[in-house]
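First the structure, in the form of structure tokens, and then the observations on it.
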Amino acid sequence: MKEKLVDLFEYTYHFNKEMIKIISENLEKVDEKTISLINHTLNAQQIWNSRILNEKSFEVWQINPFENLNGINQQNFNKSLEIVHKFDPDQKIEYQNSRGTKFENTVFEILFQAINHSTYHRGQINSLLKQNGITPILADYIFYKR
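In terms of UniProt numbering, the sequence shown has 21 at position 21, counting the first letter as 1, and numbering is strictly consecutive.
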């Protein structure tokens, strides 16, 4: 299970990096929604990691300096791998969402949420790129594995 999670986080890291790259190469063409979504994608992974590690988290929709996005992506990847290696996937974690409501989920559920959430928003970003005349990235998992 841990090897599969590592693989999925490598996939997530790789395509987040590719999204940052294509956005940076086309900054004059991308809209505010695209910038907001790439930030939100990275922020959310940081937030989920911080809930497990009991660390300070980003705001859900904060806009980070664009030049920091690759570093945030790298730090997210490193923290996610740290969690995979140090925590039992079945361990339950209590946390509060951004509205202050308390929840409890397993480490695996939280990590899978972070992966799935990133995939979802990369799809949205690809749609926005296409609408702005930018060729989207083929970011399906199967393409990554080929």
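Built from N, CA and C at the ideal position, the CB exists for glycine as well.
> With respect to the alpha helix (DSSP H) encompassing residue 150, which residues constitute its N-terminal and C-terminal limits?
Replying inline: Nothing can be reported for residue 150: it is not among the residues displayed for the chain, which extend from 1 to 146.
> Considering only residues of the same chain and omitting the five flanking positions on each side of Y13, which have a CB-CB separation below 7 angstroms?
Replying inline: Here residue 13 refers to the residue found at position 13 of the sequence shown. The residues are N73, F77.
>> Quick check: what's the CA-CA separation for L128 versus A139?
In response: As a working mapping, residue 128 is identified with position 128 in the sequence shown. As a working mapping, residue 139 is identified with position 139 in the sequence shown. Distance between the alpha carbons of L128 and A139 is about 14 angstroms.
> Should R51 be labelled buried (16 or more other beta-carbon atoms within 10 Å of its own) or exposed?
Replying inline: The residue you call residue 51 lines up with position 51 of the sequence shown. By the neighbour-count rule (16 or more Cβ atoms within 10 Å), R51 is buried.
> From the DSSP output, which residues share a beta bridge with E28?
Replying inline: Position 28 of the sequence shown, counted from the first residue, corresponds to residue 28. E28 is not bridged to any residue.
> What number of angstroms, rounded off, separates the C-alpha of N16 from the C-alpha of Y95?
Replying inline: Against the sequence shown, residue 16 aligns to sequence position 16. Against the sequence shown, residue 95 aligns to sequence position 95. Rounded to whole angstroms, N16 to Y95 spans 25 angstroms at the Cα level.
> Which term fits K79, buried or exposed, when burial requires 16 or more other beta carbons within 10 angstroms of its beta carbon?
Replying inline: On the sequence shown, position 79 is the one that residue 79 refers to. Buried.
> If you draw a straight line from the alpha carbon of F66 to that of H40, how long is it in whole angstroms?
Replying inline: Counting from one through the sequence shown, the residue named residue 66 turns up at place 66. Counting from one through the sequence shown, the residue named residue 40 turns up at place 40. Going from the Cα of F66 to the Cα of H40 covers about 12 angstroms.
> Excluding sequence positions up to five away, which residues of its chain have a Cβ less than 6 angstroms from the Cβ of F108?
Replying inline: On the sequence shown, position 108 is the one that residue 108 refers to. If we look at F108 and ignore the five residues flanking it on each side, its Cβ neighbours are P89.
>> How far does the beta strand (DSSP E) with I93 in it extend, from its first residue to its last?
In response: Reading the sequence shown from its first residue, position 93 is the one you call residue 93. Its beta strand (DSSP E) spans residues 92 to 96.
>> Going by C-alpha to C-alpha distance, which of G71, N49, N68, A44 sits closest to E59?
In response: On the sequence shown, position 59 is the one that residue 59 refers to. The candidate whose alpha carbon is nearest that of E59 is A44.
> In terms of residue numbering, what span does the beta strand (DSSP E) encompassing F143 cover?
Replying inline: Residue numbering aside, residue 143 sits at position 143 when the sequence shown is read from its first letter. Segment 141 to 145 is the alpha helix (DSSP H) holding F143; no beta strand (DSSP E) there.
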